[in-house]
Each structure stands twice: as C-alpha cells, then as structure tokens.
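Have a look at the structure below, then the notes.
Number of protein chains: 2
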Amino acid sequence: MTRYCFSLLLGVTTLAAQPVDTLITGRYVVTMDGARRVIENGAMAVRGGEIVAVGPVGEMARKHPAKQRVDRPRAILAPGLINTHCHAPMTLMRGIADDLRLQDWLEKFIFPAEGKNVTAEFVRWGTRLAVWEMMRSGITAYADMYYFEELVAEETKRAGMRGVLGQTIIRFPVPDAQTPELGLERAERFLKRYQNDSLIVPAVAPHAPYTNSDAMLQAARRLADQYRVPLITHVSETKRENEDSEREFGMSPMQRLERLGILKGPTLIAHAVWMSDEDLRIAARSRVGIAHNPSSNMKLASGVARVLDMLKLDLAVGLGTDGPAGSNNDLNLFEEMDLAAKLQKVTTMDPRSLSAEQVFEMATIRGARALGMAQKTGSLEVGKRADVIVVSLDEPHATPIFNVYSQLVYALKASDVRDVMIDGRWVMRDRQMLTLQTEEIRREVERLRSQIAASVRP
Amino acid sequence: MTRYCFSLLLGVTTLAAQPVDTLITGRYVVTMDGARRVIENGAMAVRGGEIVAVGPVGEMARKHPAKQRVDRPRAILAPGLINTHCHAPMTLMRGIADDLRLQDWLEKFIFPAEGKNVTAEFVRWGTRLAVWEMMRSGITAYADMYYFEELVAEETKRAGMRGVLGQTIIRFPVPDAQTPELGLERAERFLKRYQNDSLIVPAVAPHAPYTNSDAMLQAARRLADQYRVPLITHVSETKRENEDSEREFGMSPMQRLERLGILKGPTLIAHAVWMSDEDLRIAARSRVGIAHNPSSNMKLASGVARVLDMLKLDLAVGLGTDGPAGSNNDLNLFEEMDLAAKLQKVTTMDPRSLSAEQVFEMATIRGARALGMAQKTGSLEVGKRADVIVVSLDEPHATPIFNVYSQLVYALKASDVRDVMIDGRWVMRDRQMLTLQTEEIRREVERLRSQIAASVRP
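Here the protein sequences line up with chains Z and D, keeping their order. Here my numbering is used: the first residue of the first sequence is 490, the next is one more, and so on. Here my numbering is used: the first residue of the second sequence is 490, the next is one more, and so on.
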C-alpha cells in the first residue's frame, strides 16, 4: 500500500515534470542499443519526436503519463528498418524485365525504358509508390540514387520519411542532365535546397567509378565536402567491372577511389560484391558505409558479398533492396534479412554464418551507421529520434515464439508491420497510411504503366 | 437488343443444362494448363467440387449462371500451391534452435525436444497451426512425414486440406513406436483407415536410407504397394550422408534405393541435394517425385540442389518448405519460389537460370506430379478438383504489373492470398479462416510453448 501510494505520488510528480506525447507498449521491445536489450512487456515514451525513455511497461506507465497511449500486447516494438540502397522511382518498372542476361536487361530494357519514360512526373509517382511500399513494410529511412532527385526528396519529405538522397552524376546523357557537368550543377542546387532538413540528407551520387571520369569523381567529392554531405556510388557489383578497372587503371575500383581521394569524406558504397582483402582494408580505413543487396546480387547473378569478413572488420554494412526493375521486384527488408542470412550460410556451407541477431543489426543500427545516421536513428535509445515500428504477432507464422531475433528475421513478414512512426509522427496506424493518397497513387501508376509497357514493346 | 435477348435465352438454356455452384472471376486467370494459358479478365466455374469451365469472363458469365458469384477484378486466380515436403507438427518448435551446426541442432535440440514433447496432443495442435498457416498462404495440398501421422491426417481432413501424409519408420525408438516394426504396424493401420479418402492419401515414410535397414526399406515398399500408396523418404540431403553411404554400401543412397527395388512404385524423395549424374538418371527412369526445399537447404547449409538438371530431364520436382524448427521458420511457398529462383541464378552465375514461370510451375503442376496428383490438382483445368487461390493485387508491391509470373514469384506475398478453395470448398474467404478455430489454436499453442521451452532449457 505504501509502495502504491508512492507510485501514485511519483506518477503525479512526473506528470508535472515530464509529460510525453506518446507511450507505446509491446510484448517485446527490441532496442538494438549497445547492450542489445530486449525488454519483455516493455514500452517507449516519445516527446517532441524524440525517444525520452525505454523500459518495462509498469515503470514507464508510472513515470511517463502520456497524451496518447498505444498498447500492443501482441507485438514487437523495434527500430524502423533502414534500406541502404534504392532507386525509388524505378518501382514503376517492377518486373518489366526479369530473368535476362545483365547486358540484355540493361541495354534492351532498362536504358531504353528510362530514356523514354523518366520525366518529373515519372519520378514523382514512382517515389510515391516506393515510399508507400517501404513505409508499409517497416522501412523508416532509405538511401537513394536517381534522376530528378530533388523530386524524390520532395515526395519523401511530404510522406514523412527519412532519406539520404543522391543526385546521379554519370558520363552519358540522362533524362535530367545532358552532361555530367550539368548533373553536378543540378546536384548543387539540390544540396542548397535541402541543407539542414530534419528528414532529408541530400547527397551527391556519381553513379559508379566505371561510369565517371577521375575528374568528375573528384568534382563530386569536392561538392559533397563543400556542403558536408555524403557521396553515394556503386562499387564492384560485378566481376567484369573489376576486371575492366584492372585493365584500364591497373587497380580495383576501391583502390582507384582511394587513390583519387574520393573516400576521404562520408561515403556510402552499394554492392561491394567483388572486394579483395585490400579492398576491404580500404573500406575499413576509409570508414565507408556499405549497402549489401542480397536479392539484387542473387537475381542478377552478380555474386556473393563477403559479409562475414566485413563484420569481422566491424564495417558499417547495412541491407538494401536496390531498385525494383529487374534487380529486385519489391522494397522489402524483411525478405532481404531472410535472404542475407541464408545466402551466407549456404555459400560458406556453415549454418552458423550470419546469425539472426547479426542480420537484424544490419537492418537497423549498422545500416544507420552506413548512412551516417547512427546518432539519430537505428535503435530505440533515449535521445534518438522516434523511428519505430510495431510488428504484430497475430498471424499463425508468428507463433510460437522462442527467440525474438529468429522470429524477426526468419518468420515475420513486412505484412506484419502494423504501425510505423518516423521522427515522432505516425505514418501508418493499424495498416492505414496516414500521409499518402493511396488510391490516387494506384490510379496514376496504372496510367503510367500503360505508357511504359507501350514504350518497351519490341 | 437482339443480341441481349439471345444472351438471355442462351443463359436460360445453359442454366437448365449446366448450373454451376460457383463462378469466380479475376483480372488474370493463370491456368498452368498444357498451353500455359493466362486469361486476362477470366473466370472459372465449379460444380460439385470440380472445375467445369475456365475462360474469358463474358463468355463464362453467359454460359455458366452460378448460385454463387465471386468477383475479384483486382486479383489473380491461380492453382493452389503444393508444398511437397513438410513436418507439420514441428511448427510448434518454430525458431527453437537456429543458426547452429547440424549436429548440435539435431542432437542438442530437436531430438531431445521431440523425445520430451511429441505426444498425440502435440501432433494435433501442431498440425492445426500448420494447416492454418499453409492454407492462409495459398497452399492447398502438402506432403508430410511425422509421427502419429493418423492424427495429422485427421486434422488435415477436418480443416479441408489435401495431403499426402506419411507415417514415419525409423531405426531408433520414437514417440509413437519403440521399433521400426511397430512403426510399420502403425503405418498399416493408418493406410487401412484412409483408403480411398477424397482428401487424404496415406503413405509409408521410411525416414531415410541411412536411418533404415535394407530389410525395413523393402518392407515399407511392400506395404506401400499392397495398399497402392506412395512411399516418402529423405534422400541425399547432406554431403556427409552420401559419403557414409559410399563407405558403408559402396554406392550412393539413390543407387542403394534402386538396387533394393524401393523405387519401383510411386516414390517422393525430399531434398536430393547431392545427386550425381547417375543418381539423376535413376530418378528419371524411376519417375520419382522430388521435393526441392531451398530455405532448408540454405539455412542448414546442406547445399544447392541441381534443379536445372532436374528440369532438363523433366523430373517431377516441386517446392517444399520442410519443417519449421530450424530448417525453416515458416510454411510459405511464396518465399520458397523467390528463393528457388534466386539461389539457382547466383550459384550458376546466370540470371536466366530458373525463370519465374518455371518456378511457378514447380510450385503448382510439377509439384502435383511429384505427389502423384497431377490428374486431380495443380492446374485450373476442366475435370480437375477445384483447388484455387485468389491473390490480391491491392498492396503497393503488387503494382504495376508487367508480367504475371514475375509478379507471382518475385513480388507477391503469402499475405496477398485473399481466398482459398480446396476441393470446391472455401477454406478462407476475405482472409477469414472458415474451417479452423483460430483463437483456440493460438491459446493452446501458447500453452504448449511454455512446456516446450522449459523442456529444452539446458
């Protein structure tokens, strides 16, 4: 009785001292903090978009009376997932060219289709569809590289999603820039516009070492440094890319990037499939972020990235979906988690390779590190922004539960994500999207689909 | 006006001649018939549990007035998926022991846990949970091997699902039989009980060549022949199994099975990962069915089955989930389809390997062949039983659609399955399970979970 009164008093005291906006409770809170705490019957409190407390339900309810309380007794609360590599607008070309040789895929379908279809309108609707799919499947932040990236940024911000978004710079004429120099100008306008945004980190994205000159790569780095933003690029996706680099430059793409000084500032590299020991050492000493894309690497038969070696070096390697036009067909990190683990196991012939916990780490806090955002997101810790997902345990595949990481990585699905909060704002509640006009998106996507289909007919 | 009257007249005429129970319409009907017809705006008509017509909506609506009409203008109608390998009750041990060495997994977790927990009650509730998960994800028929298989059969039949269900026979004492001889007796009682059942095909399931003597394998075959039912067994799952067989018998498991006459009747083998050219030739001339289990083979690091070579020989190779206690964590053929394709692509380093259409074939008609059921199910064709699924195109990952097989294999999810009909009976409508008490299953599974968890604590 004494204790009860004390709690009540404390509650009242706390109410005056620390009112919170939202208290969310769950069967398990998977924090991904330094101690990797998993709190059974836990809760988190959010105020002003920031996580102000994480702990057991009872204590939290006493200490943090809330304006809004959301109880999820049959769900997991977890950090929002981080998609470290995407080309969001390509979602409009989902499945347009599958099961083809790489050359045929790119040259007969993707490049012609992009040439004919990629306009401002395409980028807007494609991004809307992509952020709808991503947020709905528990992704709260993503890295992107495409054309008209300022529109990708507008739509991402409007939807309330977090992004590290890179304007593409590439040697040949593309839909939003006839030359790489014009691409660079476009990038600079973009960087200016999104300086110090709460959700969007603009970036410079030279497509790849093999599609840019030394001078252009260096100009891109200078621009990124000037605005203190990251540089994003594709590196060593295919074996052929490495062979070409050796022939032309006498060194690997990673060696070339280091030699040119490109890796001196914050850098995110996508794929990194064909990395030598020396390349991995370069990655370690340059502290680059790496996007591992298991679906894409498998589907395009690019190869198998050395994820175990990357983790041994404690590299910031996250998971990515890549774009959904051949390299993948969806933007689903639950599937990438499952694939990442299974791919390492079968290719090393050791079932212990890449545990569920390691994979979940890649999809959250390690992915946040890859994006240079680990101070802000990637775990449920006091002081970080509230990027949190509620994953329901209602479906039959969610029960019974013996290990929460196993369940998240191998059993639970994107469709189990019930609620999503980004930066303290609900973007999905009870599977209802709160920041998007989904019927309008569906209609416009259907309209664009007919145009695109007609344009690639042989 | 004339045409309208004519239609009405025709409708009336047809009504008298061919009333149907149900007409289901969809945006696409993926028939998987011999011509691989995909009908845009199609329909199928069902009478007495049998498919009586498949065709364009307009014509079908005219010719087949129906007592019940189900319109799904934004969905795909497809044959129910066939899970060619499962251990249904093991669903109760979902994720109990992941990321371990094979020996540790089996000897420290699975065998002790089975020894302490596998009772009639365990098998009943485990099967209920499994058929719930399977039907909900679009699986309409499955092959199983476990203990107390008569209870697996009871629960499967009660749920309205189709099964080829094998009573396990194994060298060492197991929960339902102290000796293989007693297992064989149990199997015979089971075969007698389910002779000529409309949904259940009982089977004899010697666990594997390496866990049974020559004599016992032959006794199992004789029993299967006597009752004209299939024999199910695991073959060449691991490299070590083959090496042991070479050492002990001077031949591979497939060679041994052929030599012993085991393959002379209908046989379904699971895994078939380590198959030599000669083993594949044996499979071809014996016309065995093969269950390919990509999740299990990857997760346990068993290896990569030679699926492309199997298809070259036109073998009856289907897809399987295996059991969800370490070898997998769910019973989800949509994920197995995606994995099967991607695994072949990355291991052959050719993105053309195993197309979406080939994979969908494995999950349907080729899987039906593996189970000896191709006359009855596996495609939407006149004269077959009505095993059909409705896959919604409502979610963002389902749009746009350029290729229906790509969408089914690489983009759509088990959670998109909206309705399921088996043998002409709806078992799920609008995501509502119609033949299962799901809340009761959930409660009992939670209760059993505590028992199981306590039993494996070190």
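No residue lacks a Cβ here, since even glycine has one placed at the ideal position from N, Cα and C.
Is DSSP giving residue i helix, strand or coil here?
{"i": "residue 765 of chain D", "result": "coil"}
{"i": "residue 636 of chain Z", "result": "coil"}
{"i": "residue 572 of chain D", "result": "strand"}
{"i": "residue 970 of chain D", "result": "The structure shown has nothing for residue 970 of chain D, since chain D only spans 490 to 947."}
{"i": "residue 493 of chain Z", "result": "Caution is warranted here: a pLDDT of 40 is assigned to residue 493 of chain Z, below 50, making its placement in the model unreliable, and the coordinate value is therefore given only provisionally. The answer is helix: DSSP assigns residue 493 of chain Z an H, G or I state."}
{"i": "residue 716 of chain Z", "result": "coil"}
{"i": "residue 933 of chain Z", "result": "helix"}
{"i": "residue 511 of chain Z", "result": "strand"}
{"i": "residue 505 of chain D", "result": "Bear in mind that the predicted position of residue 505 of chain D carries a pLDDT of just 45, short of 50, making it unreliable; the figure below should be weighed with that in mind. Helix, per DSSP."}
{"i": "residue 927 of chain Z", "result": "helix"}
{"i": "residue 699 of chain Z", "result": "helix"}
{"i": "residue 838 of chain D", "result": "coil"}
{"i": "residue 521 of chain D", "result": "coil"}
{"i": "residue 730 of chain Z", "result": "helix"}
{"i": "residue 690 of chain Z", "result": "strand"}
{"i": "residue 866 of chain Z", "result": "coil"}
{"i": "residue 844 of chain D", "result": "coil"}
{"i": "residue 664 of chain D", "result": "coil"}
{"i": "residue 627 of chain Z", "result": "coil"}
{"i": "residue 656 of chain D", "result": "strand"}
{"i": "residue 724 of chain Z", "result": "strand"}
{"i": "residue 590 of chain D", "result": "coil"}
Assign residue i to buried or exposed, taking buried as 16 or more other Cβ atoms, counted over all protein chains shown, within 10 Å of its Cβ.
{"i": "residue 495 of chain Z", "result": "In this prediction, residue 495 of chain Z scores a pLDDT of 40, lower than 50, which makes its location untrustworthy; no coordinate-derived value is stated."}
{"i": "residue 685 of chain Z", "result": "exposed"}
{"i": "residue 560 of chain D", "result": "exposed"}
{"i": "residue 587 of chain D", "result": "buried"}
{"i": "residue 833 of chain D", "result": "buried"}
{"i": "residue 596 of chain D", "result": "exposed"}
{"i": "residue 838 of chain D", "result": "exposed"}
{"i": "residue 902 of chain Z", "result": "buried"}
{"i": "residue 849 of chain D", "result": "buried"}
{"i": "residue 802 of chain D", "result": "exposed"}
{"i": "residue 578 of chain D", "result": "buried"}
{"i": "residue 678 of chain D", "result": "exposed"}
{"i": "residue 831 of chain D", "result": "buried"}
{"i": "residue 523 of chain Z", "result": "exposed"}
{"i": "residue 592 of chain Z", "result": "exposed"}
{"i": "residue 816 of chain D", "result": "buried"}
Does the separation of the CB atoms of residue i and residue j fall below 8 Å?
{"i": "residue 764 of chain D", "j": "residue 787 of chain D", "result": "no"}
{"i": "residue 565 of chain Z", "j": "residue 620 of chain Z", "result": "no"}
{"i": "residue 691 of chain Z", "j": "residue 718 of chain Z", "result": "yes"}
{"i": "residue 581 of chain Z", "j": "residue 796 of chain Z", "result": "no"}
{"i": "residue 811 of chain D", "j": "residue 575 of chain D", "result": "yes"}
{"i": "residue 840 of chain Z", "j": "residue 789 of chain D", "result": "yes"}
{"i": "residue 535 of chain D", "j": "residue 870 of chain D", "result": "no"}
{"i": "residue 774 of chain D", "j": "residue 807 of chain D", "result": "no"}
{"i": "residue 571 of chain Z", "j": "residue 852 of chain Z", "result": "yes"}
{"i": "residue 877 of chain Z", "j": "residue 513 of chain Z", "result": "yes"}
{"i": "residue 651 of chain D", "j": "residue 911 of chain D", "result": "yes"}
{"i": "residue 636 of chain Z", "j": "residue 657 of chain Z", "result": "yes"}
{"i": "residue 829 of chain Z", "j": "residue 779 of chain Z", "result": "no"}
| Residues in the segment 563-585 of chain Z having any Cβ partner in chain D nearer than 7 Å | 581, 583, 584, 585
| query | Between the segment 882-896 of chain Z and chain D, which residues of the former have CB atoms less than 8 Å from a CB of the latter, in chain order? | reply | Taking 8 Å as the cut-off between beta carbons, the residues of the segment 882-896 of chain Z near chain D are 884, 885, 886, 888, 889, 890, 891, 892, 895, 896, in sequence order.
| Unbroken stretches of the beta strand (DSSP E), 3 residues or longer, contained in the segment 741-826 of chain D | 756-760, 778-781, 805-808
| field | Residues, ordered as in the chain, of the segment 620-631 of chain D that lie near chain Z by beta-carbon distance below 7 Å | value | Listed in sequence order: 621, 622, 625.
| query | For the segment 806-823 of chain D, which residues have a CB atom closer than 9 Å to at least one CB atom of chain Z, in sequence order? | reply | 813, 815, 817, 818, 819, 820, 821
| message | Output needed in chain order: residues of the segment 584-609 of chain D with a Cβ under 7 Å from some Cβ in chain Z. | response | 584, 585, 587, 588, 589, 590, 591
| request: Taking only beta carbons into account, state which residues of the segment 771-798 of chain D come closer than 9 Å to chain Z, listed in chain order. | output: 783, 784, 786, 787, 788, 789, 790, 791, 792, 793
| field | Interfacial residues, the segment 895-927 of chain D to chain Z, with Cβ spacing under 7 Å | value | Cβ contacts with chain Z: 895, 896, 899, 900, 902, 904.
| field | Near-chain Z residues of the segment 843-863 of chain D - C-beta to any C-beta below 7 Å | value | Interface annotation for the segment 843-863 of chain D against chain Z: 844, 845, criterion Cβ-Cβ distance under 7 Å.
| Contiguous alpha helix (DSSP H) assignments of at least 4 residues, all confined to the segment 860-922 of chain Z | none
| said: What ranges does the alpha helix (DSSP H) occupy inside the segment 523-583 of chain Z, keeping only unbroken runs of at least 4 residues that lie completely in it? | reply: 546-552
| query | Between the segment 738-750 of chain Z and chain D, which residues of the former have a C-beta closer than 9 Å to a C-beta of the latter? | reply | none
| Residues in the segment 927-942 of chain D having any Cβ partner in chain Z nearer than 8 Å | 927, 930, 931, 934, 935, 937, 938, 941, 942
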